[in-house]
Each structure stands twice: as structure tokens, then as C-alpha cells.
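Novice:
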Ligand SMILES: Nc1ncnc2c1ncn2[C@@H]1O[C@H](COP(=O)(O)OP(=O)(O)O)[C@@H](O)[C@H]1O
Ligand SMILES: [Mg+2]
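In this note's numbering, the protein residues as written are 2 to 389.
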């Protein structure tokens with residue numbers, strides 16, 4: 002079930018409120034002869050993904066995913082930067098690989114693009130093996146780095162022609178391909194300008210187009226956009242790039258692996274996300290699934306009528322209603338006419354909460370209310386604390 006160096010020793014609760022099960026692996030060997038006795042808690046979804054990958058490899062069915070990564074390891078001296086990573090990205094899927102600085106994302110990307118050697122493990126794109134068919138494997142990989150690496154004195158079109166040639170596209174196919182690609186990313190009016198004249202948004206679009214040259218099977222994205230004000234990409238332009246990405250995925254059939262510091266971006270784009278800490282995956286699944294599994298409850302903001310807040314009996318009856326109907330609610334803050342509750346029961350149904358809030362709205366003439374789930378950001382931060 003596991004690689005030969007791993008041994009299941011116990012099944013434990015992962016400590017989160019839903020009580021889903023995890024497995025402790027007693028890893029006796031780091032893959033090249035150096036014993037270390039580390040007890041690792043493996044999340045049930047991460048384990049299930051590893052078993053899925055081992056199953057695909059065992060059955061020689063690696064072509065069913067766009068890319069299959071098995072037991073990927075990278076050690077710098079004795080430091081495990083990437084530690085037994087196993088995952089697959091489905092065809093046409095956008096998969097998010099998240100983690101704070103130092104988690105091992107770039108090292109993972111660099112191994113999968115062939116820029117860094119592997120200490121252990123293997124990866125396949127179709128039948129192409131990263132170890133055995135590196136050059137062909139690389140042709141199937143596009144890379145859009147975190148920071149735009151453009152050649153300033155080249156025009157957009159020259160850049161794209163160059164990358165199509167580098168990826169081995171035949172000369173007669175390139176002009177049409179580049180024309181369609183620039184139209185897709187909405188760069189046509191600028192293709193004959195030197196890239197040094199490009200705005201932040203256009204530089205990002207060209208970087209995306211570079212990654213798509215010669216339609217690779219898998220595209221690694223350092224990020225899509227950024228919400229830093231200096232990037233020159235405003236919110237509506239970001240949404241535009243996101244929707245472009247979704248259509249590129251549909252049209253070119255590529256799978257994307259995205260690592261982004263923007264949780265909003267991951268939520269908008271990724272079907273599944275995994276959070277990496279100290280070179281290992283800590284959780285994996287759709288954002289909805291992660292919220293359900295690791296969510297710490299809900300936030301309710303109730304806006305009271307200003308003229309009523311002076312009335313102590315009104316406030317007392319609200320308090321009594323909440324205590325009775327939502328026993329897990331904790332009052333976090335009262336700010337002017339705004340009551341902020343944290344519902345600590347993650348199993349509380351949305352339908353029940355809305356029904357209660359509608360009732361409360363009518364009984365107490367609330368001006369308004371909002372109910373919100375744990376954000377991906379909150380979940381991410383709770384894992385990030387474990388980073389060395
Ligand atoms: N060439 C290298 N030599 C030594 N240590 C490295 C090297 N590259 C990365 N590391 C270390 O590996 C860990 C993971 O780094 P990295 O893959 O860049 O993480 P991330 O991209 O998630 O921030 C970090 O602790 C980093 O210092
Ligand atoms: Mg990095």
C-alpha cells in the first residue's frame with residue numbers, strides 16, 4: 002500500500018472537529034539509506050491520493066491523469082525540501098498547490114519542469130517519464146513563473162514564435178497558432194511592440210501565452226495575477242485574466258498547476274487544492290471539502306436598527322433568542338449597531354442558519370445580516386503555522 006519504507010502504525014484522529022481519520026506513518030528510511038524515526042501525521046485525503054497514485058502506477062494507468070507525481074523527494078544536503086509528494090492532476094483540471102514561503106512549491110515545480118534533479122520519486126505525463134524521457138516530458142510542460150521573465154527588446158510576437166520553436170512546433174503551424182493565442186489572451190493590439198513597453202497586465206498575459214506555446218499537456222503557473230497595487234492589474238482585469246484562463250483550459254485541454262499567494266485566485270480557479278507544509282501535503286480536496294473538513298465554523302454579522310440599540314430589553318431579548326436557538330454562537334464583538342457572532346458548530350446547516358436569521362430579522366427588525374463560512378485563507382493560515 003505504501004512504499005517499502007513506510008509502515009502504518011496507528012490510526013488516529015486528526016484533531017479537527019469533524020473527527021475524520023488520519024494515519025500515522027512511521028517512516029523508517031528517507032529513501033536513500035539515512036534512517037530517521039519521524040512520526041508523520043498523514044491526512045486521510047492525502048493518504049487516499051497517494052493510494053490512488055500508487056494504484057495508477059501499479060496498474061500502468063498513469064495516462065488517465067494529465068500528470069502523475071509519485072513519492073517526489075528533494076533533499077538539499079540533509080534538508081528535505083520536498084518530502085515524498087504524491088498527487089495527480091486530472092485532465093483539464095486546475096490544481097492549486099499552496100504553501101507559505103519555504104514549503105517547497107518552487108522546488109517541486111523546478112523538478113517537474115526538469116530544472117532541478119530529483120532525489121527520489123518519479124513523474125509521468127502520459128507515457129512520458131520525467132526520469133527516462135526528460136526532453137519529451139519537457140515539451141509537454143509550460144511554465145509561467147511568478148515573476149514575468151520577458152526579454153525587453155523583443156516584441157510579443159517574436160517572443161511567442163521563439164517559444165513555439167523551442168518547444169519543437171513545426172514552422173508552418175506557428176503563425177496561425179500564435180495569432181489565435183494572442184487573440185485568446187487579448188494581446189493582439191500589442192504584439193508588435195517591445196515587451197518593455199507593456200503594462201503589468203499585458204506582461205502577465207504574455208507570460209501566460211508563453212506557457213501555452215505548442216499546447217503543452219500541463220502548465221505550471223507561479224501565479225496568475227496579483228492583488229499587489231504595484232502590479233498594475235486592477236480587479237476587473239484580474240477577473241478577465243481568470244476567465245481567459247478558464248477558456249484556455251477548455252480550448253487547449255491543458256491541465257494547470259497553480260501556486261498563488263492569493264486565496265481568492267485559488268478559490269476562483271482551482272477544482273482541487275493541496276496545502277504544503279515542510280515539503281509535505283497536509284490536506285487535499287475541493288475548497289468546499291476543505292471548508293467542511295477543517296472549517297472552524299461560521300461568522301454571522303447582524304445589523305441592528307440604530308434607534309433600538311439604546312433599549313436594554315431589546316438587546317436582552319436578542320441575546321436570549323441567540324442563546325436558545327444557536328447555542329454554539331459566541332458573541333465576538335459589538336460595534337455600534339453590528340453584532341458579530343462566531344458559530345462554532347461546523348456541522349450547522351446553512352438552511353437552518355438562514356431560517357433562524359430570517360426569523361431574527363423579522364422579530365427584531367434587523368436592518369441586515371450576513372452569514373459567512375470559514376475562508377480558505379483561514380484554513381491556509383491554520384496549516385501555515387506548522388511551517389518550520
Ligand atoms: N538550491 C537550494 N539549496 C538549498 N536549499 C534550498 C535550495 N532551494 C530551496 N531550498 C530550501 O528548500 C526549502 C523549500 O524552498 P522552495 O521550494 O523555494 O519553497 P517555496 O517555493 O514554497 O517558498 C526552503 O527551506 C529553501 O530554503
Ligand atoms: Mg517559491
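Heads up, the beta-carbon is just placed ideally off N, CA and C, and yes, glycines get one too. Since the structure is predicted, the reported quantities are computational estimates derived from the model, not experimental observations.
#1: Any contact of the stretch 133–140 with the stretch 281–289, i.e. 3+ C-beta pairs under 8 Å?
#2: Apart from the five residues on each side of it in sequence, which residues of its chain come closer than 6 Å, Cβ to Cβ, to residue 67?
#3: Nearest-angstrom Cα distance between residue 83 and residue 216?
#4: To the nearest angstrom, report how far apart residue 103 and residue 212 are at their CA atoms.
#5: Given 6 Å as the limit, tell me if residue 106 has its C-beta closer than that to any heavy atom belonging to ligand 2.
#6: To the nearest angstrom, report how far apart residue 201 and residue 238 are at their CA atoms.
#7: Are residue 323 and residue 245 close, meaning C-beta to C-beta below 7 Å?
#8: In angstroms, rounded to a whole number, what distance separates the CA positions of residue 85 and residue 372?
#9: Please look up how many angstroms separate the CB atoms of residue 274 and residue 382, rounded, as I've assumed it's under 8 Å.
#10: Please say whether residue 145 and residue 214 have beta carbons closer to each other than 7 Å?
#11: Ignore the nearest five residues each way along the sequence and tell me which others in residue 115's own chain have a CB closer than 8 Å to its CB.
#12: Kindly provide the ranges of any beta strand (DSSP E) runs that are 3 or more residues long and lie completely inside the stretch 173–260, ordered along the chain.
#13: What did DSSP end up calling residue 74 once you bin it into helix, strand or coil?
#14: Can you say whether residue 43 is buried or exposed, counting buried as having 16 or more other CB atoms within 10 angstroms of its CB?
#15: Return helix, strand or coil for residue 56, following the three-state DSSP convention.
#16: Fully enclosed by the stretch 293–347, which beta strand (DSSP E) runs are 3 residues long or longer?
#17: Please name the residue, chosen from 368, 360, 271, 279, that lies closest to residue 387 on a Cα-to-Cα basis.
#18: Among all the DSSP beta bridges, which residues are the ones paired with residue 146?
#19: Decide if residue 153 is buried, meaning its Cβ has at least 16 other Cβ atoms within 10 Å, or exposed.
#20: When DSSP labels each residue in this structure, what does residue 66 get in the three-state scheme?
#21: To the nearest angstrom, how far is it from the Cα of residue 24 to the Cα of residue 107?
#22: Considering only DSSP beta bridges, list what residue 124 is partnered with.
#23: May I have the straight-line CA-CA distance separating residue 390 from residue 88, to the nearest angstrom?
#24: Just list the residues that DSSP pairs residue 276 with in beta bridges.
#25: Provide the residue span of the beta strand (DSSP E) that contains residue 89, from first to last.
#26: List the endpoints of the continuous beta strand (DSSP E) containing residue 373.
#27: Should residue 103 be counted as a contact of ligand 1 given a C-beta to heavy atom distance under 6 Å?
#28: Are there three or more Cβ pairs, one per stretch, closer than 8 Å when the stretch 302–317 is compared with the stretch 355–366?
#29: How many Å lie between residue 27 and residue 277 at the Cα?
Specialist: Here's the rundown:
#1: They do not touch, by the three-pair rule.
#2: Contacts found: 90, 92, 218, 219, 256.
#3: Going by the C-alpha atoms only, they are around 28 Å apart.
#4: When rounded, the distance between both Cα atoms is 24 Å.
#5: Result yes, Cβ under 6 Å from ligand 2.
#6: Spanning the two alpha carbons is a distance of roughly 10 Å.
#7: For residue 323 and residue 245, no; Cβs fall outside 7 Å.
#8: Residue 372 has its alpha-carbon roughly 39 Å from the corresponding atom of residue 85.
#9: Incorrect: roughly 14 Å between the Cβ atoms, too far for contact.
#10: Residue 145 is positioned such that its CB atom lies no closer than 7 Å to that of residue 214.
#11: These residues qualify, in order along the chain: 131, 135, 138, 139, 142.
#12: Fully enclosed beta strand (DSSP E) runs of no fewer than 3 residues occupy 219–222, 256–259 of the stretch 173–260, in order along the chain.
#13: Residue 74 falls in the strand class under three-state DSSP.
#14: That one is buried.
#15: Three-state result, residue 56: helix.
#16: Listed in chain order, the complete beta strand (DSSP E) runs (minimum 3 residues) inside the stretch 293–347 are 299–304, 330–336, 339–344.
#17: When each option's Cα is compared against that of residue 387, the closest is 279.
#18: Residue 146 is not bridged by DSSP to any residue.
#19: Note on residue 153: under 16 other CB atoms within 10 angstroms of its CB, so exposed under the neighbour-count rule.
#20: Residue state, collapsed to three classes: coil.
#21: Any reading at residue 24 must be qualified, since the residue scores a pLDDT of 44, below 50, and its modelled position is unreliable; the value itself is stated next. Residue 24 and residue 107: Cα-Cα distance of roughly 27 Å.
#22: The bridge partners DSSP lists for residue 124 are 70.
#23: Since the first and last residues shown for the chain are 2 and 389, residue 390 lies out of range.
#24: Its beta-bridge partners are 99, 284.
#25: Looking at the DSSP string, the run of the beta strand (DSSP E) that includes residue 89 is 80–90.
#26: Counting along the chain, the beta strand (DSSP E) containing residue 373 begins and ends at 369–374.
#27: It does: the Cβ of residue 103 is within 6 Å (strictly closer) of some heavy atom of ligand 1.
#28: Counting Cβ pairs under 8 Å, three or more are found: they touch.
#29: No answer about residue 27 holds up, because its pLDDT of 38 lies below 50 and its placement is not dependable.
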